[in-house]
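Chains as they are written, first to last, in my numbering: chain S, 873 to 1217; chain G, 18 to 208.
Here's the structure we're looking at; comments come further down.
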Ligand SMILES: Cc1cc2nc3c(=O)[nH]c(=O)nc-3n(C[C@H](O)[C@H](O)[C@H](O)COP(=O)(O)OP(=O)(O)OC[C@H]3O[C@@H](n4cnc5c(N)ncnc54)[C@H](O)[C@@H]3O)c2cc1C
Ligand code: SF4
Ligand code: SF4
Ligand code: SF4
């Protein structure tokens, strides 16, 4: 049998899924990439700039999309999702549905890569922060949208903005004892972007510590503090209260051991990264391993293999930055290519 | 005891003016502080400071001039430069303290710790007159003024035995040139 006829299904068209499909196609195998949204790019499509190099994420997406379109082995199906699947003798039988025209399609695939990304925790569980009550308390992803509109010149300049880190993360009481890994970096980025747009605006980042372990990361955060003049205040805020149409934040400055307050126009919550509910369901149907939270796990001593012919990459495994998602996509592709090359049937 | 009314510090109401002032006048940028506390850990007198060097940097950030000019640390800092030497960001805390001391003196803020200012004045007089400090005569003058003749006598005696104290005053050779230098630097500070 012609091994080049082997096909991998990649679920999710963010950076991880795009990279995985691309590498499989470049190696001469077939890849079918399904993305629920009308466009490829995943969460990156919602970001206005990215750490650690202040790049426009749209550039990365367009480079990858061009490469995917130029590769005859990859088929990108947008506005499409997976509706059912069954394990077959040599892989999986899957049924796909087009979400707009309702059309469906069935196919047999030899391997599956899950690249469905992560979700943000529902931060309205923090009554003390008033998310869902005060319109100017928003999640980090919603704030990216706000940054975009500000960049386009829409919306008034805020006098002051406060960022809260570790909202949900490192909080046993809410069930997420882990650190969400990317929020220290994107919070620094968002705070710095506010200063770029409005140098007069006062920007406060409430933090317990900042975790910047990556190439260029520490320098990135220091620049935001030292050159863009974002004020980092150590302490985990306790309460947000309305005050004359603005928001009063209460916290302790734990470096001095004194209570502090600040009045701002907007509060941005760096919500914990959590697994998507449907990733959990997909992992179950495909027989992929998951951890206690529902993130996909590798089989011991493998990189991105999570079961028999089932692989994963990117945010569905855990919080990861774009570069890491791309690397995992490539690693998952390498596992698939190795499998396709060695199978004799 | 005074009962303090609970008034949280309003971060948006303190301007970063002191911080900017220090950056402008001294070229010391405290925004590079990593809040690591290495300065405080190594400070020669940190164990008796009411505000450790790290906290002093924070107070500057908070623009809390009142606390800064009233704190003991301002008068019992030895200007030994250890904090600066150890700081990973090279923040010149002794220079900040010098600056704050000057400001406090101008505003006639008194040190709360008894005799701290008197000691400073006597010490500076000794430097002006002799170009160097001789501990024993300085201590005698200090004790005469305060009447605390026996305080620290045991420590002084032990230091004497170890040769750390010399009972005889000494002076530098070219006092005239030195005085000129001093007056020049004083007029520079004014200008
Ligand atoms: C607020 C915020 C700011 C960030 N800023 C930065 C930054 O500055 N720099 C940086 O490097 N990283 C940043 N990140 C992280 C970055 O977004 C992620 O690293 C990256 O998006 C992960 O890629 P991914 O492909 O794993 O997942 P995603 O980008 O989330 O893509 C997953 C895709 O799968 C699709 N999908 C899910 N389920 C299905 C299904 N059942 N069927 C079909 N399609 C499905 C989704 O629609 C989505 O398009 C930020 C993240 C957040 C939340
Ligand atoms: S990455 Fe930073 S903000 Fe996010 S959970 Fe970890 S420590 Fe908190
Ligand atoms: S110069 Fe002052 S603050 Fe710095 S280590 Fe010496 S005594 Fe402490
Ligand atoms: S040693 Fe330097 S960086 Fe560390 S707390 Fe002191 S002043 Fe800040």
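C-beta atoms are modelled at their ideal positions from N, C-alpha and C, and glycine is treated no differently.
Just so you know, these numbers come straight off a predicted model, no measurement behind them.
Distances from the alpha-carbon of residue 1090 of chain S to those of S/901, S/1004 and S/925 put S/925 closest.
With 16 or more other Cβ atoms inside 10 Å of its own Cβ, residue 68 of chain G counts as buried. Taking CB atoms only, residue 1080 of chain S has no neighbour in chain G less than 9 angstroms away.
For residue 975 of chain S, the CB stays at least 8 angstroms from every heavy atom of ligand 1.
Here the distance from the Cβ of residue 24 of chain G to the nearest heavy atom of ligand 4 is not below 8 angstroms.
For residue 1194 of chain S, the enclosing alpha helix (DSSP H) begins and ends at 1194-1214. Think of a sphere of 7 angstroms around the beta carbon of residue 1076 of chain S: the chain G residues whose beta carbon falls inside it are 28, in chain order. Nearest to residue 960 of chain S by C-alpha distance, out of S/1199, S/1205 and S/1158, is S/1158. Across the structure, residue 943 of chain S and residue 898 of chain S are spaced so that their CA atoms are roughly 7 angstroms apart.
Contact annotation for residue 1133 of chain S against chain G: 25, 26, 27 and 28 [CB-CB distance below 8 angstroms, chain order].
When only Cα atoms are considered, residue 101 of chain G and residue 28 of chain G end up about 27 angstroms apart. Neighbours of residue 75 of chain G across chain S, judged by C-beta separation under 7 angstroms: 1127 and 1128. The shortest CA-to-CA distance from residue 1041 of chain S to any of S/1049, S/1034 and S/1035 is the one to S/1049.
Any Cβ of chain S closer than 9 angstroms to the Cβ of residue 55 of chain G would place that residue at the interface, and such an atom is absent.
DSSP, reduced to helix, strand and coil, places residue 1011 of chain S within a strand of the structure shown. Nearest Cα to residue 112 of chain G within the set G/77, G/151, G/143 and G/146: G/77. Using a Cβ distance threshold of 9 angstroms, residue 1058 of chain S and residue 1104 of chain S do not count as a contacting pair.
Per the C-alpha coordinates, the member of S/908, S/902, S/1007 and S/1074 positioned closest to residue 1135 of chain S is S/1074.
Look at the region 171-192 of chain G: it has no residue with a C-beta under 8 angstroms from a C-beta of chain S.
Residues of the same chain with a CB within less than 8 angstroms of the CB of residue 986 of chain S, apart from the 5 flanking positions on each side, are 883, 884, 1151, 1154, 1155, 1158, 1160, 1168, 1178, 1182, 1183, 1184, 1185 and 1188 in chain order.
Residue nearest to residue 80 of chain G within the set G/44, G/193, G/66 and G/117 is G/117 (criterion: CA-CA distance).
DSSP places residue 1035 of chain S in the uninterrupted beta strand (DSSP E) bounded by 1032-1039. If you look at residue 1054 of chain S, you'll find it isn't in any alpha helix (DSSP H); DSSP assigns it neither H nor E.
Distance between residue 1132 of chain S and residue 85 of chain G, taken at the CA atoms: about 18 angstroms. Interface annotation, residue 1098 of chain S: in contact with chain G, CB-CB separation under 9 angstroms. Counting only the Cα atoms, residue 45 of chain G lies some 38 angstroms from residue 1196 of chain S.
Note on residue 189 of chain G: under 16 other CB atoms within 10 angstroms of its CB, so exposed under the neighbour-count rule.
Assignment of beta strand (DSSP E) within the region 1110-1135 of chain S, counting only whole runs of 3 or more residues, yields 1111-1115 and 1118-1125 in chain order. Within the same chain, and ignoring the five residues on either side of residue 1165 of chain S in sequence, the residues whose Cβ sits closer than 8 angstroms to its Cβ are 1048, 1050, 1146 and 1147. At least one C-beta of chain S is nearer than 9 angstroms to the C-beta of residue 46 of chain G.
If one requires a minimum length of 3 residues, the beta strand (DSSP E) runs lying completely within the region 942-1010 of chain S are 946-949, 952-960, 963-970, 976-981, 983-986 and 990-992, in chain order.
Any Cβ of chain S closer than 9 angstroms to the Cβ of residue 103 of chain G would place that residue at the interface, and such an atom is absent. In terms of beta-carbon proximity, residue 124 of chain G stays away from the interface with chain S, with every pair separated by 9 angstroms or more. Sorting S/1004, S/980 and S/916 by C-alpha distance to the C-alpha of residue 878 of chain S places S/980 at the top. Using a Cβ-Cβ cut-off of 7 angstroms, residue 959 of chain S is close to nothing in chain G; its nearest Cβ partner there is about 54 angstroms away.
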